[in-house]
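Just add 110 to the spot in the sequence shown (first one is 1) and you have my numbering.
Backbone N, C-alpha and C fix where the C-beta goes; we use that ideal spot for every residue, glycine too.
Remember, predicted model here, so these are calculated numbers, not experimental data.
Report on the following structure.
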Amino acid sequence: MSAQQWAEQALQSFDSVVQATSGFRSRPGQRRMAEQVAHAFSHAQLGKVDADDEDAPPPERAIAVVQAGTGVGKSLAYSVPAIATALARGTRVLISTATVALQEQLVHKDLPALAAQLAQPFKYALAKGRGRYICKLKLERLAGGSDASDEDHPDDDLFADEEAEERAKRPRHESEARMKFYASMADALSSGIWDGDRDTLATPPEPEVWSPVGAEASSCTGRHCPVFTQCAYYERRKELVAAQVIVANHDLLLSSLGARLLPELDNCLLVIDEAHHLPSTALDQFASEADLSRLTWIDKLASRALRIGQLMEVEEIADIPNHSARLRTTLQDTARLVTDLYAEQLKAPRTGMGASRYNAAARYSAPGMPTRARVPRGVLPAELVEPLSQVAHHAEGFLTALRAISKALRSEMKDKPDEARRLSTLYAQIGALAPRLEGVHTTASLLLQDPPEGSAPAAKWFTLQVDGEYIVVKAHASPLLPGNTLRNHLWSAVRGAVLTSATLTSCGQFDFFLREAGLHGDDAVTTLEVPSPFDYGLQGTFVATETQADPKNAQAFTSEMVDALLSDLAMVESGALVLFTSRDQMRQAVDALPTAMRSVVLVQNTLPRQQLLATHRERVGNGEPSIIFGMQSFGEGLDLPGPLCESLFITKLPFAPPDDPVGEARAEWLRGAGRDPFIELVVPATAIRLAQWAGRAIRTEDDRAHVYCYDKRLVRTSYGQLLLKGLPPFTLERRLA
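Set out below in structure tokens:
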């Protein structure tokens with residue numbers, strides 16, 4: 111079948127689904143998006159290329175970038191053509207979303223409805239990271255009443271010293287409650303009531319409760335594990351193998367590159383939904399950090415590695431004592447040098463780190479608050495180059511020995527399956543601490559990176575934080591440009607992809623997103639903007655409220671803004687959402703609430719998110735006013751149609767925090783190249799964020815809403831006009847100070 115025939119067949123499937131869906135409205139924009147998706151996926155050349163044929167042309171790639179405004183119905187527009195094309199071509203669809211919540215919406219709502227409509231059956235599955243599933247071996251151990259730091263199990267401690275210390279401080283009743291919780295989880299798992307997925311628990315546990323029993327790649331022996339046949343994670347993996355449609359998230363997509371967990375990207379159709387999150391996810395994924403102060407784990411890892419290596423008769427362990435001792439010493443030297451070189455920024459004493467123990471309260475005005483020192487232009491001080499080179503060298507040598515031990519253990523498990531439980535425990539003892547060593551090696555290597563002239567350096571910085579009696583110094587490094595990272599690690603492998611979101615253009619252009627996503631200048635890329643079917647001019651009013659105070663004067667502005675906000679909130683009769691740009695700003699607004707209004711306002715984090723939203727819906731459903739105070743995370747992904755959000759208040763333009771070290775380093779690099787980081791970076795990023803926030807107001811064709819913004823820069827500055835251009839075409843109303 112030709113590419114044209116595949117595309118036509120995919121569109122026929124789309125038309126059939128639309129016609130068969132009761133009450134579904136025909137949307138020209140949705141059909142246009144479906145055409146773009148079908149064309150991209152039918153023209154991408156999939157499969158392996160003959161590496162021996164030097165004359166063969168490179169495989170054809172096709173990447174569609176589609177902005178689909180609210181109400182277009184983008185999930186149907188991409189899923190039907192993608193699945194129909196995949197079934198016709200005998201391949202699979204990988205859909206990546208921004209969050210687990212969006213994954214579950216697709217798997218539990220959208221795809222089941224689609225499966226009932228499509229003529230050809232297909233299977234779908236949800237892919238999550240290993241850490242969201244229970245490790246049955248760990249659970250059995252803890253549920254049996256044995257804590258990992260018990261003296262009865264000195265060789266079975268799977269935790270670092272500081273974690274064991276935390277457990278030692280825990281009140282007895284809390285420890286007993288945890289043991290009961292683990293026992294109840296074990297009972298639910300063995301009885302089949304629970305499937306081992308953290309997200310399906312009635313009350314998902316806090317991270318510190320889940321961490322001791324969560325599965326981890328570094329300590330997992332896979333098919334060699336004695337309870338492999340009952341493993342929740344690998345049971346889900348079986349579903350992935352049989353599925354034609356796999357729903358993952360951006361974190362998993364990037365973290366599993368090359369790991370064969372997901373379909374091979376050169377032989378599947380990739381959909382990236384909520385694609386505006388992809389660049390920031392890439393920066394998070396490829397950033398690294400290393401603790402330079404708390405180093406007792408090195409001795410513990412060395413001790414375990416030597417003991418287990420001797421059992422396995424691994425020759426490489428002879429180098430471990432030297433590598434571990436030198437690694438610890440050079441990390442301590444690095445910590446001392448960092449606190450000396452950056453004493454002013456870190457407010458650290460120049461007397462040396464010693465054992466990292468100080469009377470912290472006497473020396474630091476803000477105990478517990480981290481301080482930070484960024485490395486200008488990414489150029490390390492000469493004093494740090496040699497110790498960090500030694501750190502990288504000895505970490506690599508130590509890792510080489512660990513790899514040899516791990517290989518020997520896996521081989522022994524294969525040959526002696528009856529000893530799998532003992533050997534799995536030994537493997538886990540090393541695996542529990544190995545990621546720290548890998549983090550040290552990665553961070554040191556990135557800190558030492560010296561890019562070619564004109565290339566962007568890595569962002570590099572150090573932090574210092576008081577933790578009880580300890581001063582904790584950490585080293586951090588991150589790629590500067592997400593686009594370069596994505597181009598090298600993701601797009602080099604992808605043949606056919608669709609990236610979509612309601613906010614991909616910035617100030618009316620795709621250029622910013624394409625640069626951030628690593629697709630700018632890529633000949634395989636096509637773009638399409640599908641406007642929302644909503645009549646924003648009729649349905650919504652954007653009230654640009656001005657203040658006398660300059661928003662840059664935070665104290666004066668917040669005081670004046672809060673007065674104006676409270677006056678407007680007094681008029682709210684149904685549902686409203688207020689979005690703040692800082693916790694301090696929200697706190698001041700809460701403190702200023704009159705008594706009569708306090709019972710109407712629901713503040714983020716005072717209740718679990720789902721409970722807060724349920725309370726809001728209940729109040730509005732009963733005809734009562736209800737106002738949500740929220741921060742950044744409430745600015746997107748929140749669906750409050752109709753009366754649930756008839757008024758939306760944006761207290762200030764949502765510029766990124768000014769103290770982001772990666773943003774600072776990037777702005778510095780742009781200025782050094784004679785470019786303007788504010789216009790090139792800050793304004794486009796803010797435009798996307800503001801459009802997301804304003805998008806909470808109108809969710810259906812029947813909605814009516816007012817959007818208020820109290821930042822006069824939106825109408826008084828040239829860049830504000832660019833931000834306005836990127837918003838839906840509301841009727842604009844200006845309110846002078």
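Legend entry - Residues that DSSP places opposite N715 in a beta bridge: In DSSP, N715 forms no bridge with anything.
Inset, instruction - Decide if Q146 is buried, meaning its Cβ has at least 16 other Cβ atoms within 10 Å, or exposed. - result: buried
Inset, instruction - Have a look at G332, S329, L247 and flag the residue whose alpha-carbon is nearest the alpha-carbon of A296. - result: L247
Legend entry - Enclosing beta strand (DSSP E) for A385 [first to last residue]: No beta strand (DSSP E) contains A385, which DSSP labels as neither H nor E.
Inset, instruction - Tell me whether the beta-carbon of D515 lies closer than 8 Å to the beta-carbon of G419. - result: As written in the sequence, residue 515 is Ile, which differs from the Asp given in the question. Yes; because the gap between Cβ atoms is below 8 Å, this pair is in contact.
Inset, instruction - Following the continuous beta strand (DSSP E) through H586, name the residue where it begins and the one where it ends. - result: 580-588
Legend entry - Candidates A358, I581, I427: closest to L509 by CA position: I427
Legend entry - Reduced DSSP category for R809 - H, G, I as helix; E, B as strand; rest coil: coil
Legend entry - Minimum length 4: unbroken alpha helix (DSSP H) runs contained in the stretch 415-463: 430-451, 453-456
Legend entry - For A795 and F788, the rounded distance between their alpha carbons: 10 Å
Legend entry - Residue of Q619, G181, L362, G541 minimising C-alpha distance to E811: G181
Inset, instruction - Measure the Cβ-Cβ separation of V357 and I173 and say whether it is below 8 Å. - result: no
Inset, instruction - Assess, as a yes-or-no matter, whether the stretch 483-499 is touched by the stretch 531-548 under the definition of 3 or more beta carbon pairs within less than 8 Å. - result: no
Inset, instruction - Would you mind sorting A783 into buried or exposed? The rule is 16 or more other CB atoms within 10 Å of its CB. - result: exposed
Legend entry - Inter-residue spacing [alpha-carbon to alpha-carbon] between F622 and S642: 21 Å
Inset, instruction - Buried or exposed for Q115, please, with buried defined as at least 16 other CB atoms from any protein chain shown within 10 angstroms of its CB. - result: exposed
Legend entry - Contact under 8 Å by Cβ, A483 with Q442: no
Inset, instruction - Would you check if the distance between the CB atom of A801 and the CB atom of T613 is smaller than 8 Å? - result: yes
Legend entry - N- and C-terminal bounds of the alpha helix (DSSP H) containing D694: 693-702
Legend entry - Per-residue DSSP class, three states only, for H630: coil
Legend entry - Counted within 10 angstroms of its Cβ, other Cβ atoms place Q354 as buried (16 or more) or exposed: buried
Inset, instruction - Return the CA-CA distance between L311 and W304, expressed in angstroms with no decimal places. - result: 7 Å
Legend entry - N359: first and last residue of the uninterrupted alpha helix (DSSP H) it sits in: It is not in any alpha helix (DSSP H) - N359 instead sits in the beta strand (DSSP E) that spans 355-359.
Inset, instruction - Report, in whole angstroms, the separation of the C-beta atoms of F739 and V711, which I expect to be a contact under 8 Å. - result: 6 Å
Inset, instruction - Would you kindly check if the distance between the Cβ of L590 and the Cβ of A775 is under 8 Å? - result: yes
Legend entry - With 16 other Cβ atoms within 10 Å as the buried cut-off, status of L866: Beyond the ends of the chain as shown, which are 111 and 847, falls residue 866; an answer cannot be given.
Legend entry - At least 3 beta-carbon pairs within less than 8 Å: the stretch 578-588 vs the stretch 423-437: no
Inset, instruction - Could you give the DSSP three-state label for I540: helix, strand or coil? - result: helix
Inset, instruction - Could you pull out every residue in the same chain whose Cβ sits closer than 8 Å to the Cβ of A674, ignoring the five residues on either side in sequence? - result: T655, T657, Y820
Legend entry - Between the CA atoms of V128 and L224 - distance to the nearest angstrom: 10 Å
Inset, instruction - Report back the beta-carbon spacing between T615 and E384 to the nearest angstrom; my notes put them in contact at under 8 Å. - result: With 8 Å as the limit, T615 and E384 do not qualify as a contact, their Cβ atoms being about 15 Å apart.
Inset, instruction - Using three-state DSSP, classify K762 as helix, strand or coil. - result: coil
Inset, instruction - Return helix, strand or coil for C378, following the three-state DSSP convention. - result: strand
Legend entry - Boundaries (first-last residue) of the alpha helix (DSSP H) holding W571: Careful: W571 lies outside any alpha helix (DSSP H), inside the beta strand (DSSP E) at 569-577.
Inset, instruction - Kindly identify the DSSP beta-bridge partner or partners of A235. - result: I356
Legend entry - Distance CB(L490)-CB(L557) smaller than 8 Å: yes
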